[in-house]
Every structure is written in C-alpha cells, then in structure tokens.
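First comes the structure, then the notes that go with it.
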Amino acid sequence: MEEKKFDLNSIIGFVLIFGILLFMMWQNQPSPEEIAEQEKQAQIEADKKAKADETAKANDTKVTTAEDYALGNANDSLKIEALKSKLGAFAYASTLPSASDSYTAVNTDVLDLKFSNKGGFVSEVILKKFVDYDSVPIALIQDGNEYFNITFPTSDNRILNTKDLYFQPSVTKNGSNTVVSMKLKVSESKFLEYRYELKPDEYMIDFSIRSEGLNSIVNSSQEINLDWMLKTYRHDQSITYENRYTRLTYMHDGEKIDKLAQMSDDEELIEDARWLSYRQHFFSSILVAETPFKKATITSTDLVEDEDVDTIFTKSFASKLPLAFSNGEADNNFQLYFGPTDSKVLKQYDYDLEESIPFGWGIFGWINKHLFIPLFSFLSGFLPYGIAIIVMTILIKLLMSFVQYKQFLSQAKMRVLKPELDAIREKYKDNKMKAQQETMALQNKAGASPLAGCLPGLIQLPVFYALFMFFPTAFALRQKSFLWADDLSSFDSIYDFPPGVSIPLYGDHVSLFPILAAIAIFFYMKMTTGQQMASQPTQEGMPDMGKMMKYMIYFSPILMLVFFNQYASGLSLYYFISNLISIGIMLVIKNYILDEDKIHAQIQENKKKPKKQNKFQKKMADMMEQAEQQKQAQQRRKK
Numbered sequence: 001m002e003e004k005k006f007d008l009n010s011i012i013g014f015v016l017i018f019g020i021l022l023f024m025m026w027q028n029q030p031s032p033e034e035i036a037e038q039e040k041q042a043q044i045e046a047d048k049k050a051k052a053d054e055t056a057k058a059n060d061t062k063v064t065t066a067e068d069y070a071l072g073n074a075n076d077s078l079k080i081e082a083l084k085s086k087l088g089a090f091a092y093a094s095t096l097p098s099a100s101d102s103y104t105a106v107n108t109d110v111l112d113l114k115f116s117n118k119g120g121f122v123s124e125v126i127l128k129k130f131v132d133y134d135s136v137p138i139a140l141i142q143d144g145n146e147y148f149n150i151t152f153p154t155s156d157n158r159i160l161n162t163k164d165l166y167f168q169p170s171v172t173k174n175g176s177n178t179v180v181s182m183k184l185k186v187s188e189s190k191f192l193e194y195r196y197e198l199k200p201d202e203y204m205i206d207f208s209i210r211s212e213g214l215n216s217i218v219n220s221s222q223e224i225n226l227d228w229m230l231k232t233y234r235h236d237q238s239i240t241y242e243n244r245y246t247r248l249t250y251m252h253d254g255e256k257i258d259k260l261a262q263m264s265d266d267e268e269l270i271e272d273a274r275w276l277s278y279r280q281h282f283f284s285s286i287l288v289a290e291t292p293f294k295k296a297t298i299t300s301t302d303l304v305e306d307e308d309v310d311t312i313f314t315k316s317f318a319s320k321l322p323l324a325f326s327n328g329e330a331d332n333n334f335q336l337y338f339g340p341t342d343s344k345v346l347k348q349y350d351y352d353l354e355e356s357i358p359f360g361w362g363i364f365g366w367i368n369k370h371l372f373i374p375l376f377s378f379l380s381g382f383l384p385y386g387i388a389i390i391v392m393t394i395l396i397k398l399l400m401s402f403v404q405y406k407q408f409l410s411q412a413k414m415r416v417l418k419p420e421l422d423a424i425r426e427k428y429k430d431n432k433m434k435a436q437q438e439t440m441a442l443q444n445k446a447g448a449s450p451l452a453g454c455l456p457g458l459i460q461l462p463v464f465y466a467l468f469m470f471f472p473t474a475f476a477l478r479q480k481s482f483l484w485a486d487d488l489s490s491f492d493s494i495y496d497f498p499p500g501v502s503i504p505l506y507g508d509h510v511s512l513f514p515i516l517a518a519i520a521i522f523f524y525m526k527m528t529t530g531q532q533m534a535s536q537p538t539q540e541g542m543p544d545m546g547k548m549m550k551y552m553i554y555f556s557p558i559l560m561l562v563f564f565n566q567y568a569s570g571l572s573l574y575y576f577i578s579n580l581i582s583i584g585i586m587l588v589i590k591n592y593i594l595d596e597d598k599i600h601a602q603i604q605e606n607k608k609k610p611k612k613q614n615k616f617q618k619k620m621a622d623m624m625e626q627a628e629q630q631k632q633a634q635q636r637r638k639k
C-alpha cells in the first residue's frame with residue numbers, strides 16, 4: 001500500500017491560485033462612476049415597479065370581481081356586464097366608490113371598532129380598558145379571525161354570500177349614540193342593511209338586519225342562513241388553563257343554559273336559541289336574538305393540541321342560524337356583546353347573560369351567586385384582593401367550624417368505645433353477623449356512630465366545589481397582584497424552566513402557592529388520618545385500609561402540587577389558608593374543647609338510659625336478626 005506523503009507542491013499551488021483570484025477581483029471592481037450609474041438604474045427600476053404595484057392595487061380594489069374576470073382596462077359598461085353575469089342585481093354595489101377593501105373606524109369609551117366595507121360586519125374589536133398577559137390591548141376580533149356571512153338564494157337562481165359583496169358605510173348620531181349603517185345596494189332605494197347602534201360606555205351593541213325592496217330579488221322560499229364563526233385568541237399566560245374555560249354557551253328552549261364540550265370537538269343541533277356566547281374565559285362575544293332562532297347548528301373545535309406549538313388560538317366556534325325573511329324582506333333584531341365575562345356587567349342586560357359564566361350547576365351555582373360573589377365584592381371594596389381572599393376564607397372556615405367539631409366529637413366517641421368494640425369482635429370472631437348486631441347495639445346505646453362523622457363532612461362538599469368554580473371565573477381577580485403573584489387569576493410562577501423544557505402534567509414553571517397548599521394539606525391529612533385510625537376498631541382487613549389511608553396522605557398533596565400548578569393562584573391561596581385554619585381549629589377542639597374523660601362518662605350514662613331505635617335502625621336490626629336466625633337454622637339442618 002502506497003504511503004501518503006505531505007505534498008508541499010500542491011499546497012503552494014492552491015495558495016497561488018487563491019492569490020490570483022483575489023488580484024483579479026480587485027482589478028475588476030467597478031469604478032465610483034460605474035457604481036453611481038448602477039445605483040441610478042436600480043432606483044429607476046424600483047420606481048417603475050412601485051408605480052406598477054400601485055396601479056395594480058387600484059385596479060384590484062376598484063371592482064369586486066376584477067381579478068376573477070380579468071377585465072383589465074375594459075370600459076365601465078363591459079365591467080358592469082361582467083359583474084351582472086355573476087352578481088345579478090347586486091352588481092350595482094360593486095360599481096360604487098365604497099367597493100374597496102377599506103373600513104370605517106368608530107370609537108366609544110370602551111370599544112375601538114372597525115366595520116369592513118367588504119362583508120359589512122365588524123372586522124376589529126379592541127377592548128380599550130383591558131390588556132392581556134403581555135400588556136397588549138385585548139382584541140376579540142382582528143386580522144381575519146372572524147367570519148360573518150349571510151348566504152341567500154336569488155330569484156334568478158344564484159347563491160350569493162354577503163362576505164364577498166361590498167357595503168356602503170355611513171355614520172350618524174342618534175343623541176349620544178353612534179349609528180353605523182352598512183348597506184348592500186341593488187339601487188339607491190333597494191338594499192340589505194346592517195345597522196349598528198353603539199352607546200358611549202356600553203359593551204352591548206344594538207344590531208339589526210333589514211332590507212328594502214328585495215322581495216322580487218331574494219328567493220325567501222328557500223333557506224337563508226347566517227353563519228358566524230370566531231377563532232378565539234389566547235389572552236392568558238397558560239393557554240391550557242385559559243382553554244379549559246373557553247366554551248360555547250347558549251340559552252335555548254325557553255331558559256335552558258347548556259354548553260358544548262370543554263376540551264374536545266363538539267356539535268349540536270338546538271332549537272329556540274335565544275343567545276350564543278363565544279366565551280374566551282374572561283372575555284365574551286355574544287349574539288342575542290330578539291326572536292329566538294327556530295333552530296341552530298353550533299360547533300366547537302379545540303385548536304390546542306400542543307401548547308408549545310398552538311400558542312395563538314384556543315378554540316374555533318361556529319354557528320349556522322336561519323334568518324327570517326317575510327315576503328322577501330328581512331327584519332331581524334339582535335344585540336352584540338363584546339366585553340368582559342364579568343357578572344356585574346352582564347347583569348345589566350336582559351336574558352340572563354350572566355348565566356354564561358360557569359358558576360357551577362344547581363346548589364353550587366346558587367352558593368356562588370348569592371353568597372361568595374356578594375361577599376367577595378363587599379370585602380374587595382375596601383381590602384386588597386389577596387387580603388380579601390384571606391378574610392373570606394377565615395369567615396367561611398369559622399362558619400363551617402361546627403362541622404369540624406361534629407367530626408372530631410364523633411371520632412372521640414369512637415375512640416372511647418374502641419376497647420369495648422374490640423372485645424365484641426373478639427368474642428364473636430366466628431360469627432360476624434352477631435358481632436355486627438352487638439356493635440350496632442352498643443353504638444346505639446352510647447349515642448356514637450361512624451356515620452356521625454361522615455355526614456357533617458358532606459355538608460362541606462357544596463362549599464368546596466362552589467369555591468373551586470368561583471376563583472377561576474372571578475373577573476375581579478384578573479391581573480390583581482398579591483405578594484409574589486402578579487395575577488391572582490393565573491399561576492404565580494417563581495421559576496420558569498429553560499425554553500423547551502416542560503414536565504408532563506406539571507408544566508414549564510414552578511408556582512409557589514400550590515406548594516404551600518400541598519404542604520398544609522399534607523400536615524392536615526396526617527393529623528386527621530391519625531385521629532381516624534385511632535378511632536377505628538381492630539378487625540380483619542384494617543391493615544390494608546390503614547395502608548390506603550396512608551397513601552392518601554401523600555396522594556392528595558401531590559395532586560394539589562401537580563394539578564394546581566397552572567391554576568389561578570387565588571384558588572391555591574384559598575386552599576393554603578383554608579388548611580392552615582383547619583389545622584388550627586382542630587388543635588383548639590382537641591386540646592381545649594373536647595375532653596375524652598367527660599365523653600366517656602357521658603357515654604356510660606347514655607348506655608344506662610333506654611334508647612329508642614329509629615325506623616331505620618329498627619329495620620336494620622330486624623334484618624340482621626332474621627339473617628342470624630336463618631344462619632342458625634341452616635347449621636341445625638346440616639347437623
């Protein structure tokens with residue numbers, strides 16, 4: 001095999017070639033005069049191109065279907081004929097000066113709006129008093145995320161879409177209100193009109209769809225539909241958390257309130273729809289019908305498959321609604337709401353729009369609407385929002401302290417009876433039915449029962465769930481800070497993982513309030529579980545039960561730590577304070593209120609008194625007695 005050697009001649013050759021190339025490039029560089037001439041020619045070409053682009057743009061926006069029909073520089077009569085071949089009587093609208101992709105801007109005290117000539121609907125809605133997590137003004141409609149279109153058949157067998165046609169705008173005043181009229185004209189006296197009336201400081205807009213002189217043009221014997229679609233923008237730090245509270249809610253069949261699926265695609269055909277709410281967690285776009293739609297097809301599509309990739313939109317909502325045309329003429333009255341999902345604001349309007357907020361169903365919603373919302377509104381009126389949460393938590397826990405007292409009293413009674421219950425189980429260890437009878441008899445005489453500790457605990461469940469629904473939907477908490485939490489309606493991150501790092505189920509950051517709440521829950525459950533285990537009688541199977549209860553001591557805090565890492569920090573603050581107070585109440589009851597010696601003495605007194613069984617206890621005792629007799633009879637037959 002030939003040995004490879006260092007080829008010096010080749011290296012020298014490459015260096016020389018490289019040097020020659022550099023010399024040739026230097027020799028051939030243009031002179032200053034040539035450079036100036038090249039720049040001049042480039043500027044001339046750029047000016048020509050800009051002028052050509054302006055001309056093309058003017059031609060594109062002058063006529064609706066100019067590109068479709070490649071009319072170019074044809075005369076006006078040819079243009080009109082071409083438009084008539086496609087648009088029929090509505091060709092007239094595309095020959096007016098308003099037939100351009102421009103808009104009409106209108107501002108109120110709370111809204112910045114743009115009404116598009118093409119399609120005639122709102123093309124931009126900015127809420128002036130609110131910003132998102134990145135301090136950008138809240139946009140409900142912007143950059144084509146919304147679609148509003150009426151599809152209607154004509155008497156000459158055409159199917160037209162208003163989104164493709166040009167409306168003529170006009171803005172007038174009605175007292176302090178601003179009226180925006182968008183007219184799709186057949187002639188100066190025949191048109192389809194969208195009429196908007198805006199009040200200075202309200203989020204609700206009066207909106208009507210009416211027509212004049214279209215009875216011979218629109219074929220109202222066929223179905224005429226209104227399609228309204230909206231892709232909802234992300235406004236919160238956590239798109240997953242915001243998406244959980246972004247839902248299509250609607251009122252139908254009188255006063256029924258329902259929702260489409262929360263975290264999956266969904267579609268429904270509903271009847272007598274009064275209003276449709278495209279709720280984006282803390283902000284909503286709502287269409288209210290003066291006369292309910294006889295039927296409506298509504299859909300919801302989840303757009304967040306991967307929160308690291310899908311970061312702009314949360315859901316896509318769409319509704320297909322039949323419009324009423326009487327004798328070819330439209331006269332439909334609506335209201336449009338673009339504003340905060342705030343119960344205080346929504347209560348100002350009719351049709352129970354505040355029900356679009358997920359307060360919880362049944363008693364849970366009732367507790368929120370009639371107790372927690374008024375209480376929190378009162379406290380936050382003179383206290384910082386974080387302090388208001390703490391004070392409200394203290395008041396709720398003090399109100400519910402009697403429940404804890406009943407639970408601990410029941411556990412104390414069971415602890416006192418434990419030696420006697422263990423003796424019964426030992427005596428009748430071969431006859432479980434008899435052991436159960438004697439156990440129930442002893443508990444009945446002593447006035448102690450395991451259920452006595454469970455039933456008071458059930459009273460806390462409605463309160464627990466109501467608060468779970470209250471904090472994530474409390475608009476008043478939005479962007480209100482407390483301690484290290486910048487926004488009590490969002491998570492309170494104290495550490496963000498490096499870009500691209502995210503723990504499944506947990507997220508890409510560390511929130512502190514869930515950690516504190518998890519620690520408080522751990523100690524509370526450790527104390528209460530110890531009390532429960534001490535009060536349980538010894539029996540077979542209890543070691544496994546004990547293991548399960550010990551697992552729960554660790555499982556519940558971990559669940560809090562993981563699940564609430566992306567939840568509202570106000571909710572985690574509530575759980576943290578609530579469990580601290582529960583620990584304090586439990587220590588006070590145990591050390592200063594309950595005396596087990598007195599409880600034992602009272603039980604002994606109770607056992608001496610005749611105890612009348614209630615109907616349930618008597619029925620259970622009779623059933624167990626019958627079962628015992630049948631068992632004894634079977635044993636005698638076997639012998």
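Read left to right, the sequence shown gives residues 1 to 639 (the UniProt record's numbering).
Yeah, the Cβ is synthetic: ideal placement off N, Cα and C, and Gly gets one too.
Please name the residue in the options whose C-alpha comes closest to that of residue i.
i	options	result
residue 522	488, 285, 576	576
residue 149	163, 142, 158	163
residue 369	351, 382, 342, 390	342
residue 344	351, 377, 314, 321	377
residue 322	209, 462, 157, 558	209
residue 423	409, 395, 439	439
residue 574	266, 136, 468, 557	468
residue 470	288, 313, 281	281
residue 190	198, 174, 176, 212	212
residue 290	334, 512, 179, 580	334
residue 395	242, 510, 578	578
residue 243	313, 137, 125	313
Cα separation between residue i and residue j?
i	j	result
residue 270	residue 253	8 Å
residue 553	residue 524	9 Å
residue 486	residue 221	57 Å
residue 236	residue 132	6 Å
residue 543	residue 366	Reliability of the predicted coordinates at residue 543 is poor, the pLDDT of 48 falling under 50, and no value is obtained from them.
residue 495	residue 283	28 Å
residue 2	residue 498	The predicted position of residue 2 is uncertain, since its pLDDT is 39 and thus under 50; a value taken from the coordinates is nonetheless stated next. Distance between the alpha carbons of residue 2 and residue 498 is about 54 Å.
residue 228	residue 286	11 Å
residue 379	residue 391	8 Å
residue 66	residue 139	Legend: pLDDT at residue 66 = 34, less than 50; position of this residue unreliable, value from coordinates given subsequently. So the alpha carbons of these two residues sit roughly 32 Å apart.
residue 534	residue 526	For residue 534, the pLDDT reaches just 48, beneath the cut-off of 50, and the residue's location in the model is therefore unreliable, although a value from the coordinates is still provided. Cα to Cα, the separation comes out at about 12 Å.
residue 352	residue 275	10 Å
residue 508	residue 561	14 Å
residue 401	residue 332	55 Å
residue 587	residue 463	22 Å
residue 315	residue 425	60 Å
residue 399	residue 581	12 Å
residue 512	residue 358	26 Å
residue 112	residue 528	56 Å
Would you mind reading off the limits of the beta strand (DSSP E) that contains residue i?
i	result
residue 115	111–116
residue 344	Per DSSP, residue 344 belongs to no beta strand (DSSP E); it is in the alpha helix (DSSP H), 343–346.
residue 139	137–141
residue 204	204–212
residue 385	Element bounds for residue 385: not the beta strand (DSSP E) but the alpha helix (DSSP H), 385–399.
residue 150	146–153
Who pairs with residue i in a beta bridge, going by DSSP?
i	result
residue 264	None, per the DSSP bridge assignment.
residue 318	229, 299
residue 496	509
residue 252	256, 273
residue 172	179
residue 220	DSSP, once it has assigned bridges, lists no residue as partnering residue 220.
residue 335	206, 288
So with Cβ pairs under 9 Å, would you call residue i a contact of chain B?
i	result
residue 209	Absent here is chain B; the protein component of the structure consists of one chain.
Considering residue i, what are the terminal residues of the alpha helix (DSSP H) in which it resides?
i	result
residue 240	239–244
residue 587	569–588
residue 364	363–367
residue 379	373–380
> Quick check: the segment 199–209 against the segment 339–356, are there 3 or more CB pairs under 8 Å?
Replying inline: Enough Cβ pairs lie closer than 8 Å, so yes.
> Does the segment 92–99 come close enough to the segment 167–187 to have 3 or more Cβ pairs within less than 8 Å?
Replying inline: In this structure the segment 92–99 lies against the segment 167–187, because at least three pairs of beta carbons, one per stretch, are closer than 8 Å.
>> Can you confirm whether the segment 299–312 touches the segment 240–259 when touching is taken to mean that 3 or more C-beta pairs between the two stretches lie within less than 8 Å?
In response: The count of Cβ pairs closer than 8 Å, one atom from the segment 240–259 and one from the segment 299–312, reaches three, so the stretches are in contact.
> Do the segment 386–401 and the segment 566–581 touch if we need at least three Cβ pairs shorter than 8 Å?
Replying inline: Touching, yes, given that three or more Cβ pairs across the two stretches are closer than 8 Å.
> Okay, do the segment 558–568 and the segment 478–492 touch, 3+ Cβ pairs below 8 Å being the bar?
Replying inline: Yes, they touch.
>> Between the segment 212–226 and the segment 257–277, can you find at least three pairs of beta-carbon atoms closer than 8 Å?
In response: Segments in contact, no.
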